[in-house]
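Shown next, in structure tokens, is the structure this report addresses.
Chains as they are written, first to last, in my numbering: chain A, 5 to 324; chain B, 20 to 318.
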């Protein structure tokens, strides 16, 4: 009782302190926060100012600031380029497939995992399916190469001959890559998404299922009438996050797995790999910066719009 | 588990075991193929390709890599240094920032927005590249692997902030203050010890992303002194004779690239690359799952 009595007035006085006193009291806290704030400034805010690169005709001998302005020329060049439509199409289409199919697969697998009674099997399945997520894309590229290499790959040497088919020049044939990349993406990420949905399912009260069972509902009924509807908030939250990133792609997946082969660009080039190649391989700063800025701006608009939509229909799931 | 199982329960069990069993198998098989390929005899591999049942085995690929151990060992060292440095500095900065956001300070709403906004809008990779390489000149330094992108992010700050808010009683902090402890003392002796679970989880996730990172090396490093393990893997991926061309070993200089078991060596270096992670995985697996879960669900 006395302790509580001492706290109450203490809190009341903090509110009444004048701004100057509060600033003085805040100062040591500001100092603690400074390194982190500075890092965010350098890593996140300076690049936002760096967007001006896209509006400049960069001349390195003059430096960025003194380079002449280019207006929207860089963007005009970018939008006229034939590659642009292709890389935007690839980025968006892959994302749509990954979001839709990925959500369905992950929920299905999470529900199945939840059905397993044996604790041993449950944790074994979970940790082993999650293992690929732990690997870097470089390592995954090696794994894919062991299967797909033209000369020594398992598919061309063992699998296709066993099926009586001719070997395929995988790294030269663009048409197979939508399937390969989709498969590899799920192979690496399904464990991650499964864990997310599984933890959501774990959060559903057992009482619902008990009540359903008393009413004579079988497993399938329980899944369609309890589990899936109650997963809705999680699905919506993750959905907005993915829609906000529909203009972004996993650089590792699209750079490492097709081994940056030009012959495959028709189906593998995304905005991120384009930006990398234009900047680092071709030194084309105007195109790469324009593409990069376009990606940021569209991404920003999409996040805001998606969030606004969710806020309207499912307020608790909105991000902000 | 109740005593009586419904028929549909049993069917579901079977389906679940079959599907998850197959998925587990497909998660593991590529690794099995990788390991077996690395132990396959070079001439056999070039003739019959990689398979699960090679008829000729060899340690040749590993012997070659042992010969070049100074390069691989150095890359390991760089990866270790970067992982430890980056995780440590990142954790210090992000926890202090997160703690500050839980205090009653002037301009708290603005600072919160300052942090959250970094999740919504980014300047893109070209602007980042310009800032880090032309403004801060970090190319070909150890900081090139530590600073860009990975050190801390708004998401972890929010997770930490929520944890502090929900798990550390304000009365404890108040009483430390009454005892005369300053902000930093309170933070170190009261807040941090009570936050071990979140620190362990975020620290682990951060360490994994440093260990696996190859993009910073791709953008900012082209000198052997700062090649990390992932970058060496990436370089070999692009050019199988990469190790030989950077080698200081007499044998490589004399024989050139002809004697290198190129095909199986690729597989062996990948095995060496993933080994520490696979060995450590069982020990941190629990925290890893937790890290994914808290990362996905809002604080």
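Beta carbons are placed, not taken as given, at the ideal position from N, Cα and C, and that holds for glycine. Quick caveat, the model's predicted, so the values are computed rather than measured.
Interface residues of chain B facing residue i [CB-CB closer than 8 Å]
{"i": "residue 299/A", "result": "143"}
{"i": "residue 104/A", "result": "The contacting residues do not exist; residue 104/A stays about 18 Å from chain B at best."}
{"i": "residue 139/A", "result": "231, 293 and 296"}
{"i": "residue 150/A", "result": "49, 52, 53, 56, 69 and 286"}
{"i": "residue 51/A", "result": "141, 142, 143, 146, 147, 149 and 150"}
Where residue i meets chain B, residues with beta-carbon distance less than 7 Å
{"i": "residue 26/A", "result": "125"}
{"i": "residue 119/A", "result": "31, 32 and 35"}
{"i": "residue 258/A", "result": "Correct list: empty, because the minimum Cβ distance to chain B is about 12 Å."}
{"i": "residue 292/A", "result": "145"}
{"i": "residue 156/A", "result": "64, 65, 68, 69 and 282"}
{"i": "residue 55/A", "result": "142 and 146"}
Within chain B, partners of residue i - CB distance below 9 Å
{"i": "residue 191/A", "result": "45, 46 and 49"}
{"i": "residue 284/A", "result": "148, 237 and 238"}
Cβ neighbour criterion (16 or more within 10 Å) applied to residue i
{"i": "residue 95/A", "result": "buried"}
{"i": "residue 76/A", "result": "exposed"}
{"i": "residue 16/A", "result": "Its pLDDT being 46, under 50, residue 16/A is placed unreliably in this model, and the value from its coordinates should be taken loosely. Answer is exposed; the Cβ neighbour count stays below 16."}
{"i": "residue 89/B", "result": "exposed"}
{"i": "residue 309/B", "result": "buried"}
{"i": "residue 301/B", "result": "exposed"}
{"i": "residue 14/A", "result": "Unreliable positioning characterises residue 14/A in this predicted model, as indicated by a pLDDT of 45, which lies under 50. The coordinate reading is nonetheless provided below. Result: exposed."}
{"i": "residue 293/B", "result": "buried"}
{"i": "residue 264/B", "result": "exposed"}
{"i": "residue 82/B", "result": "exposed"}
Straight-line gap, residue i to residue j (C-alpha atoms, nearest Å)
{"i": "residue 169/B", "j": "residue 177/A", "result": "35 Å"}
{"i": "residue 253/B", "j": "residue 242/A", "result": "31 Å"}
{"i": "residue 62/A", "j": "residue 68/A", "result": "6 Å"}
{"i": "residue 309/A", "j": "residue 264/A", "result": "33 Å"}
{"i": "residue 56/A", "j": "residue 74/A", "result": "10 Å"}
{"i": "residue 230/B", "j": "residue 99/B", "result": "8 Å"}
{"i": "residue 136/A", "j": "residue 65/A", "result": "46 Å"}
{"i": "residue 93/A", "j": "residue 275/A", "result": "9 Å"}
{"i": "residue 58/B", "j": "residue 196/A", "result": "31 Å"}
{"i": "residue 33/B", "j": "residue 267/A", "result": "44 Å"}
{"i": "residue 11/A", "j": "residue 135/B", "result": "Its pLDDT being 43, under 50, residue 11/A is placed unreliably in this model, and the value from its coordinates should be taken loosely. Rounded to the nearest angstrom, the two C-alpha atoms are 32 Å apart."}
{"i": "residue 312/A", "j": "residue 217/B", "result": "31 Å"}
{"i": "residue 225/A", "j": "residue 99/A", "result": "31 Å"}
{"i": "residue 124/A", "j": "residue 209/A", "result": "23 Å"}
{"i": "residue 70/B", "j": "residue 165/B", "result": "39 Å"}
{"i": "residue 283/A", "j": "residue 206/B", "result": "44 Å"}
{"i": "residue 311/B", "j": "residue 71/A", "result": "45 Å"}
{"i": "residue 8/A", "j": "residue 31/B", "result": "Only weak support is given to the placement of residue 8/A: the predicted model assigns it a pLDDT of 41, under 50, and the value that follows is read from those uncertain coordinates. Roughly 55 Å separates the two Cα atoms."}
{"i": "residue 260/A", "j": "residue 140/A", "result": "10 Å"}
{"i": "residue 41/B", "j": "residue 179/A", "result": "27 Å"}
{"i": "residue 317/B", "j": "residue 190/A", "result": "The pLDDT assigned to residue 317/B is 47, lower than 50, so where the model puts this residue is not dependable; a value taken from the coordinates is nonetheless given after this. Near 24 Å, if we compare the C-alpha coordinates of residue 190/A and residue 317/B."}
{"i": "residue 143/B", "j": "residue 122/A", "result": "47 Å"}
Limits of the unbroken alpha helix (DSSP H) element including residue i
{"i": "residue 237/A", "result": "236-248"}
{"i": "residue 182/A", "result": "181-206"}
{"i": "residue 216/B", "result": "215-231"}
{"i": "residue 119/A", "result": "86-119"}
{"i": "residue 262/A", "result": "Counting along the chain, residue 262/A falls outside any alpha helix (DSSP H), and DSSP gives it neither H nor E."}
{"i": "residue 66/A", "result": "From DSSP, residue 66/A is part of no alpha helix (DSSP H); its letter is neither H nor E."}
{"i": "residue 204/B", "result": "202-205"}
{"i": "residue 115/B", "result": "88-121"}
{"i": "residue 51/A", "result": "50-53"}
{"i": "residue 39/A", "result": "23-44"}
{"i": "residue 291/A", "result": "289-317"}
{"i": "residue 183/B", "result": "173-186"}
Residues that residue i contacts on chain A, provided the C-beta gap is smaller than 9 Å
{"i": "residue 90/B", "result": "None at all; the shortest Cβ gap to chain A is about 16 Å."}
{"i": "residue 203/B", "result": "32, 35 and 36"}
Residue i: contacting residues in chain A (beta-carbon distance under 8 Å)
{"i": "residue 42/B", "result": "113, 129, 133 and 194"}
{"i": "residue 227/B", "result": "138"}
{"i": "residue 115/B", "result": "36, 37, 39 and 40"}
Per-residue contacts from residue i into chain A (C-beta, under 7 Å)
{"i": "residue 234/B", "result": "255"}
{"i": "residue 311/B", "result": "196, 199 and 200"}
Selected residue, minimal CA-CA separation from residue i, among the options
{"i": "residue 91/B", "options": "304/B, 258/B, 308/B and 249/B", "result": "249/B"}
{"i": "residue 23/A", "options": "52/B, 185/B and 123/B", "result": "123/B"}
{"i": "residue 177/B", "options": "233/B, 114/B and 148/B", "result": "114/B"}
{"i": "residue 66/B", "options": "282/B, 202/B and 108/B", "result": "282/B"}
{"i": "residue 151/A", "options": "48/B, 192/B and 97/B", "result": "48/B"}
{"i": "residue 118/A", "options": "199/A, 21/A, 279/A and 220/A", "result": "199/A"}
{"i": "residue 68/B", "options": "160/A, 116/A and 250/A", "result": "160/A"}
{"i": "residue 226/B", "options": "237/B, 35/B, 110/B and 167/B", "result": "110/B"}
{"i": "residue 153/A", "options": "171/A, 166/A and 141/A", "result": "171/A"}
{"i": "residue 107/A", "options": "299/A, 247/A and 53/A", "result": "247/A"}
{"i": "residue 46/B", "options": "142/A, 257/A and 187/A", "result": "187/A"}
Any non-hydrogen atom of the ligand MG closer than 6 Å to residue i Cβ
{"i": "residue 149/B", "result": "With respect to the ligand MG, the structure offers nothing, as it holds no ligand at all."}
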